[in-house]
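Chemist: A single structure is presented below for examination.
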Amino acid sequence: MTATAAAAAASTAARPPSLGSDFCGRKSTRLVSKLSHLGRPSSAPGKPIKPVLSSAVKHMIKSPSPSLMPALLDQVSAHLLGPDDLPFIVRELGHSGQWEKVVKSFDWMVLQQNLRSQWDKVTSTIISSLGRLGRSDWAQLIFDRAVGAGFGNNVFVYSSLICAYGRSGKLAKAVEIFEAMKVVCKPNLVVYNAVIDACSKGGDYPTALRIFREMLEQGMSPDRITFNTLISAAGRANRWEECDRIFAEMEERGIARDDVTYNTLIATYCRGGQMHLGAALMETMAKSSGIEPSVITYSTMIDGYAKLGLAHEAIALFQEMRNQNVEPDGICYNTMVDIHARLGNFDEAHSIRRAMEEAGFAKDIVTYNALLDSYGKQGKFREAMSLLEEMKQRGASPNILTYSALIDAYCKHGFHRDAMALFQDVKKAGLQPDVVLYSTLVDGCCKNGSPDEALALLEEMADNGIRPNVITYNSLLDAYGRQCLMVRKTFPKLRFFLLPRVTMLLKPSMQDDQQSLVDPKQKQALVLAAARVFREMAKNGVKPNVVTFSSILNACSHCASVEDASNLLEAMRVFDGRVYGVTHGLLMGFRIRVWRDAETLFNELTTLGHNTAVAFYNALTDVLWHFEQAQAAKDRHVWDKAWWHSEQQFFLDLHFMSVGSAQAMLHLWLLYIRKFLCQRRSVLPKYMSILTGWGKHSKVPGESAVKRAVEAHLLEMNSPFHVWGNNEGRLVCAGYQVQGWLMDTRTQRHLRLCDVRGD
DNA sequence: ATAGGGTTAG
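The first sequence: position 589 = 589 (UniProt numbering), numbered continuously.
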């Protein structure tokens with residue numbers, strides 16, 4: 001099939017056998033300017049830089065004020081007559097992140113009549129630099145000034161501007177410029193490639209295909225870059241099967257694949273959780289195309305493993321890379337620093353950071369941000385602050401991600417006021433808060449119970465033209481779904497987002513119906529609120545993902561009746577028939593009919609990463625347990641090592657499980673042990689241990705819902721388990737006692753799981 | 001003037 005045919009089929013195609021692309025939640029939508037000095041040398045090979053300019057540009061970078069630019073340029077104006085001289089200066093200024101100085105260079109240039117012949121070229125470089133710095137606003141301004149002054153109306157300048165918009169994710173603007181340029185000059189291959197890339201970065205794959213078709217209709221021959229860009233576009237849209245087709249079409253058209261092609265395709269596999277496909281391609285690429293896996297290939301796979309929660313594989317592959325004598329680069333080191341920091345292995349993270357510096361890669365803003373984020377998430381504020389201090393001393397200015405990490409850390413640890421104060425600093429620093437930062441704050445407000453601020457933030461977002469995304473909505477849904485919030489009335493001023501007003505925070509530990517502080521009416525209101533958020537997101541064209549569905553399922557767990565839950569589920573039917581079919585089917589007891597689908601779904605959940613799979617599975621099991629569909633709540637291979645044994649002891653580990661999952665797993669374990677006793681006619685070891693830890697609510701010390709639920713359940717079944725010594729999270733019992741209890745006929749009755757609905 | 005790997009939610 002050709003890409004054109006694929007494009008035609010894309011809109012009408014039946015649902016692919018895998019999870020829908022929107023279902024996957026691991027898509028990074030953040031576009032932060034990348035000041036990469038890595039990779040490209042600052043001058044084209046064979047064109048040596050004039051030493052005068054080299055030292056002049058260093059001076060300009062160090063100069064404290066952009067207003068000194070004209071004077072500094074005047075000093076070297078005699079050396080700026082070559083066509084690459086001024087572009088060199090602009091690029092270097094761009095690399096150092098100083099967009100104001102770039103703009104000043106333009107102002108200076110248009111006053112130099114003798115440089116008139118270079119205006120177009122320099123303008124294009126300036127727009128491109130501003131684009132790389134994420135300042136599409138200034139890129140547009142420069143463009144307007146150039147056109148106003150009667151130059152800059154050529155393909156080079158236009159393509160620079162299109163790219164500038166593309167890099168900041170402003171797809172609509174990129175397309176608008178593209179359409180406008182057609183009146184002035186005919187777009188060439190590069191322009192088409194740039195527009196397709198803008199669609200890719202803007203997350204609009206269908207439009208990318210539309211532009212591609214238009215390009216073919218214009219008789220333009222797509223090149224390797226076009227195809228690489230298309231693969232990237234499909235990859236960002238989580239359409240890895242589509243990528244396979246494009247990859248095949250390249251071959252049909254006789255366009256040679258290069259390292260970028262392979263790396264892009266492997267990246268799309270990683271994004272789609274298809275690590276086996278990535279590994280296979282990496283294995284064969286050298287033989288089939290003569291292209292050896294590079295540090296980029298390895299980094300891609302390493303990060304892919306890590307993002308799926310397979311840190312062990314990631315670390316092993318890094319070692320393998322070293323064994324193959326592929327040297328890590330700055331990005332690769334940063335990836336490893338991040339992996340170890342997330343695991344809490346800060347010693348290892350820092351040792352890798354040191355190796356990075358010894359290898360000649362200075363730590364950059366990404367290194368700092370990765371470390372800061374993990375320190376913050378793990379509550380190591382002292383370390384985070386000292387890192388921030390170090391950044392300050394080294395003159396590395398915090399960017400929007402630095403602030404996001406800190407603000408998130410504050411929110412997650414209950415320092416809500418400090419988070420809001422820091423948010424003010426962001427604005428003071430002249431940084432533009434983006435949807436990620438707003439979502440972090442909205443989440444923080446939901447969890448810390450500052451309702452007015454949460455709603456004010458949504459308004460502020462709207463005022464700044466920042467549309468809430470799936471994560472923003474998920475935070476709200478999560479709050480309602482867990483029933484941590486209480487509802488009072490509708491907030492009348494909110495124009496685009498009619499949410500009930502949230503007034504107070506309830507203890508998240510109050511999960512159990514009987515103990516809940518929320519009266520049934522309030523519960524119902526919360527469930528309705530969740531449903532409303534869900535509809536609101538649909539109305540705004542935001543597609544729910546697996547996290548959304550988990551939250552909906554959590555809300556279902558709080559419905560008074562199975563009918564209410566069923567109604568709530570109905571809403572997700574339009575988005576994903578399969579997920580709906582499985583959850584609804586299991587809830588209603590159509591186990592036989594949906595079981596095959598269910599198993600496929602559970603297997604596919606693994607491709608979304610361990611944490612994602614666990615969250616969904618917890619949410620689903622909670623609903624099933626809540627509505628007494630216990631039989632349906634059985635092992636889905638999500639809990640790899642839920643139980644194990646040593647010589648002395650049997651263990652059941654309920655960490656990471658929700659209340660429902662933990663109870664279902666407890667039953668399975670007890671049944672397994674009973675079977676073990678019956679079949680092998682052997683005896684149990686000395687001790688039996690159930691580890692609950694703090695369960696899902698580890699963030700709220702001392703509020704172990706899982707432990708309390710399991711303890712209560714065991715008590716109900718007259719089990720001899722009891723809390724072990726001063727370890728509150730551990731229930732133990734002597735093996736012989738468990739044996740006696742399990743073989744008792746009264747216990748057997750307790751253990752039998754019956755579904756109240758079923759076929 | 002255009003394409004590939006790293007820092008956000010659950």
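We treat Cβ as the ideally placed atom computed from N, Cα and C, and that holds for glycine.
Just so you know, these numbers come straight off a predicted model, no measurement behind them.
(1) Please report the distance separating the alpha-carbon of L485 from that of A479.
(2) Return the first residue and the last residue of the alpha helix (DSSP H) that C270 is part of.
(3) What do you get for R596, buried or exposed, if any count of 16 or more other CB atoms within 10 angstroms of its CB means buried?
(4) Following the continuous beta strand (DSSP E) through N727, name the residue where it begins and the one where it ends.
(5) Out of L476, A664, Y580, state which residue places its alpha-carbon closest to the alpha-carbon of N618.
(6) Which same chain residues end up closer than 6 Å to D144 when comparing Cβ atoms and leaving out the 5 residues on each side of it in sequence?
(7) Runs of 4 residues minimum, wholly inside the segment 269-336: which ones carry the alpha helix (DSSP H) assignment?
(8) So S128 is in the alpha helix (DSSP H); what residue range does that whole segment cover?
(9) I need the straight-line Cα distance from T583 to L620, nearest angstrom please.
(10) Between A642 and V706, which are expected to be in contact by the criterion C-beta below 8 Å, what is the C-beta distance as a whole number of angstroms?
(11) Where does M385 land, buried or exposed, given buried means 16+ other C-beta within 10 angstroms?
(12) Which residue wins for smallest C-alpha separation from A421, given the options E453, L731, M391, L130?
(13) Report the option in Y403, V442, A409, G414 whose CA atom is closest to the CA atom of F423.
(14) Quick check: what's the CA-CA separation for Q748 versus H558?
(15) Nearest by alpha-carbon distance to Q140: which of K121, Q118, C163, W119 is it?
(16) Roughly how many angstroms separate the alpha carbons of K287 and L281, rounded to a whole number?
(17) How is the alpha helix (DSSP H) around W639 delimited, first residue to last?
(18) Under 8 Å by Cβ, that's how I've got S136 and Y165 pegged, so tell me the actual separation to the nearest angstrom.
(19) Evaluate contact between the segment 301-312 and the segment 602-613, counting only Cβ atoms and requiring at least three cross-stretch pairs below 8 Å.
(20) Going by DSSP, name the residue or residues bridged to W724.
(21) Identify every run of the alpha helix (DSSP H) within the segment 536-614, keeping only runs that are complete inside it and at least 4 residues long; order them along the chain.
(22) Helix, strand or coil for L691 per DSSP?
(23) Taking the continuous beta strand (DSSP E) assigned at F247, which residues delimit it?
(24) State the Cα-Cα distance for the pair T440 and G465, rounded to the nearest angstrom.
(25) Just verifying my parser: in three-state terms, what is the DSSP assignment at L499?
(26) With a CB to CB cut of under 8 Å and the five nearest residues on each side skipped, what residues in its chain are close to V533?
(27) Rounded to whole angstroms, how far is the Cβ of A208 from the Cβ of S200, which I believe are closer than 8 Å?
(28) Within the segment 52-108, note down every full alpha helix (DSSP H) run reaching 4 residues or more, in order along the chain.
(29) Does F616 come out as helix, strand or coil in the three-state DSSP assignment?
(30) By a C-beta neighbour count over all protein chains shown, 10 Å radius and 16 as the cutoff for buried, is P520 buried or exposed?
(31) Using three-state DSSP, classify D755 as helix, strand or coil.
(32) Taking only the alpha-carbon atoms, compute the straight-line gap between Q75 and V295 and give it to the nearest angstrom.
(33) One question on the structure: do N228 and T264 come within less than 9 Å of each other, judged by their Cβ atoms?
(34) Please list, in chain order, all residues of the same chain as R757 whose beta carbon is under 7 Å from its beta carbon, the five residues on each side excluded.
(35) Beta-carbon within less than 7 Å of I266's beta-carbon, same chain only, minus the 5 sequence neighbours each way: which residues are those?
(36) Can you give me the start and stop residues for the beta strand (DSSP E) that D347 sits inside?
Modeler: The relevant details are as follows:
(1) Confidence at L485 is low in this model, with a pLDDT of 49, below 50, so the placement of that residue is unreliable and no value is reported for it.
(2) 259-271
(3) exposed
(4) 727-734
(5) A664
(6) none
(7) 275-289, 295-307, 311-323
(8) 119-132
(9) 7 Å
(10) No, A642 and V706 are not in contact; Cβ-Cβ is about 13 Å, not under 8 Å.
(11) exposed
(12) E453
(13) Y403
(14) 30 Å
(15) C163
(16) 10 Å
(17) Taken as a continuous stretch (DSSP letters only), W639 belongs to no alpha helix (DSSP H), as it is neither H nor E.
(18) 5 Å
(19) yes
(20) N727
(21) 546-556, 562-570, 577-588, 591-605
(22) strand
(23) First-last for F247: 240-252, but that is the alpha helix (DSSP H), not the beta strand (DSSP E).
(24) 17 Å
(25) Reliability fails at L499, whose pLDDT of 29 lies under 50, so the model's placement of it is uncertain and the value that follows must be treated cautiously. In this structure, L499 counts as coil in the three-state DSSP scheme.
(26) Y473, L476, L477, Y480, L499
(27) 6 Å
(28) 69-76, 85-95
(29) helix
(30) exposed
(31) coil
(32) 42 Å
(33) yes
(34) M588, G589, Q629
(35) G278, L281, M282, T297, T300, M301
(36) Looking at the DSSP string, D347 is not in any beta strand (DSSP E); the run it does join, the alpha helix (DSSP H), is 346-358.
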